[in-house]
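Take a look at the structure below.
Numbering (the working numbering), first residue to last: 204 to 900.
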């Protein structure tokens, strides 16, 4: 927990984004001050501040829709809060509705969760300043106007740089692949570049995707990147198996040249230019491949690993050459020579209806629904309590509860502690600066802009620092509204501490412990891996893509579940050791599957296909039994060891193939040997856990 409180994460918000977000907040307020309409400027600035959070990477049209929906939701919340503010009972009911609805939006992802949080905050803040019907409409309209302004700033480059988000997303994958090519391989780790590939999958094939030849080129590049990833994964794993030092070092040089090629491609994609530097790096890769071929030819009986490595490296070079050809046409500047048919999206990859997603999460077994009920009840009770108690600036209590309360214990505790610390520091520092260093409105406006930029850039680096900046922004905005910072500093600090304590108590009173959810998450991951493995022998590219995407999502969810488990109080060390071992060996299995897929892409006519399908069915049966045993601890596990069947299959395959198919057969045997080892290890882990009388939950 201490590590999570002091951890500094890499900054992921570019300076230009922070500057444009801050400008959308500061400029309306500056116009209001200059025209003596400060209240109107404040309303627009508040709307821009609330919509700032949804200015996230992605296609321009998706970014526009996301930000506009957030702006209108914020405007509706401001209207409702301003109108029903004088009526405590109505406000408590509205807080319950907003809390449940906003909390349930976590099921739709972080962007929807931010919109829900913004709506809850605006409801309780605007209720502190009740207005008539006309005033409430005006307040909501100004909030929407601020959100629209922030949206216009975010999409201003659309006509000039239509495909910049797509180019940047593919460039980021190239950089991550280059890093994975240089990394010391570890088969127990998850395959690299998972989240970046999911992001690109949604960007190119998800909702609001653009069409036309340029997008077809991007889809070609995305498929090439997927194949390059498979080849790299096979090669970095083969480095572990190469016993010959010369062969291992030569393969290492080949991977280094591949990394340089990918980095040069990333630069070219970022800039929209021709990848000349990548072509130079490819010359080095070709020379290294010649050296590998010479090592193979000099050996009387070349090692199987060297033969496989050379075949995979040649495949990698072919995919990189294709990347070079297509990257030249990626974007509106290109000549658009890509001649492929319009991508037809398989049903499995179509975005799910958000209504269906929310409906599926209505039930006490859903983490999102339990979180929604906690949010709604706590928000409603906090609003009613602070109104009845007549606390000065008491709306900071429900506002803090909405911000701090998260679906998991570790997140709630971490956000609660950092929220209190950041708020107190922000109150003290900003109040001192406003009182002693920034006496005039224009000076305060400059400080507001600096704090907005700092908040936007630092909130993902360290939440406590971001909260400190945001608190300063709120203090200055309220100061422009006539609320002196010094007079309310203590009241706000106390309200923040109370709100954080209430959120922690609410979670402790009705917890959703991850220790009871981690096994189902891992079982879902194993089932997704099994589905991916089952499609490999099918001649259905769409099924490969769909199951691969599902496996990535399931792995991401399982990894997040394990991380939340570690943050719970008094963690079960035995359970953590079990899920860590299960996760690592499941990743060994899927990495072997991906190596097998790389073989399939170059050799569709597999030798001994019937025997291969029969053994694959045995692997599938073992995985199904393992999945059921992990999901249901009482199910037990009784499966035979897979190694004897694997050795019999390998012997049959090697005896049946001729010289032409020897390399393919060797690669298949290598992949299934690794799969067998990981499946048998998974079975051992589950059996050992079942023999221990202590429960794992």
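Think of the CB as a built atom: it goes at the ideal place given N, C-alpha and C, for glycine as much as any other residue.
Sorting 881, 715, 800 by C-alpha distance to the C-alpha of residue 738 places 800 at the top. Where residue 596 is concerned, there is no enclosing alpha helix (DSSP H), because DSSP gives it neither an H nor an E.
In this structure, 273 is the residue among 273, 756, 504, 237 with its C-alpha nearest to the C-alpha of residue 253. Between the alpha carbons of residue 508 and residue 865 lies a gap of roughly 12 angstroms. For the set 770, 321, 475, the Cα lying nearest the Cα of residue 366 is the one of 475. By the criterion of a C-beta distance shorter than 7 angstroms, residue 586 is surrounded in its chain by 294, 295, 298, 327, 601, once the five residues flanking it on both sides are discounted. Taken atom to atom, the span from the alpha-carbon of residue 521 to that of residue 428 is near 12 angstroms. Counting only unbroken stretches of 4 or more residues, the alpha helix (DSSP H) elements lying wholly within the region 264-340 are 291-307, 313-329, in sequence order. The alpha-carbon separation between residue 431 and residue 558 amounts to approximately 37 angstroms. A residue is called buried once 16 or more other Cβ atoms fall within 10 Å of its Cβ, and residue 645, having fewer, is exposed. Secondary structure of residue 430 (DSSP, three-state): helix. Excluding five sequence positions before and after residue 726, the CB atoms of its chain that fall closer than 6 angstroms to its own CB belong to 830, 833, 834, given in chain order.
A distance below 6 angstroms between beta-carbons, with the five flanking residues on each side excluded, links residue 750 to the following residues of its chain, in chain order: 734, 735, 738.
The beta carbons of residue 232 and residue 370 sit no closer together than 8 angstroms. Rounded to whole angstroms, the separation of the alpha carbons of residue 856 and residue 868 is 7 angstroms. Inter-segment contact for the region 299-316 and the region 587-597 is absent: fewer than three beta-carbon pairs are separated by less than 8 angstroms. Distance from the CA of residue 796 to the CA of residue 219, rounded to the nearest whole angstrom, comes to 41 angstroms. At a Cβ-Cβ threshold of 8 angstroms, residue 583 and residue 302 count as neighbours. For residue 448, the number of other beta carbons within 10 angstroms of its own is below 16, and it is reported as exposed. Using a Cβ-Cβ distance cut-off of 8 angstroms, the region 662-678 and the region 267-281 are not in contact, since fewer than three pairs of beta carbons, one from each stretch, lie closer than that value. Within the same chain, 374, 377, 378 come within 7 angstroms of residue 469 by CB-CB distance, once the 5 residues on both sides are set aside.
In the DSSP annotation of this structure, the continuous segment of the alpha helix (DSSP H) that includes residue 490 starts and ends at 479-501.
Per DSSP, the continuous alpha helix (DSSP H) segment holding residue 517 begins and ends at 507-530.
Taking every protein chain shown into account, the CB of residue 335 has fewer than 16 other CB atoms within 10 angstroms, so this residue is exposed.
In the structure shown, the three-state DSSP call for residue 240 is coil. Around the beta carbon of residue 239, fewer than 16 other beta carbons sit within 10 angstroms, so the residue counts as exposed.
Contact between residue 612 and residue 434 is ruled out by a C-beta separation of about 42 angstroms, above the 8 angstroms threshold. Setting aside the 5 residues that flank it on each side, residue 573 is surrounded in the same chain by 715, each with a C-beta closer than 6 angstroms to its C-beta; the list follows chain order.
Ranked by Cα distance from residue 256, the first of 385, 241, 321 is 321.
Residues 460, 464, 520, 523, 524, 527 of the same chain have their beta carbon placed closer than 8 angstroms to that of residue 485, with the five preceding and five following residues left out of the count. Residue environment for residue 565: exposed (fewer than 16 other C-beta atoms within 10 angstroms of its C-beta). Counting C-beta atoms within 10 angstroms of its own C-beta, residue 824 has fewer than 16 neighbours from the protein chains shown and is therefore classed as exposed. When rounded, the separation of the alpha-carbon atoms in residue 666 and residue 658 is 9 angstroms. Under the three-pair Cβ rule at 8 angstroms, the region 877-888 counts as touching the region 781-790. Distance from the CA atom of residue 635 to the CA atom of residue 457, rounded to whole angstroms, is 59 angstroms. Annotated as proximal: residue 513 and residue 495, with beta-carbon spacing under 8 angstroms.
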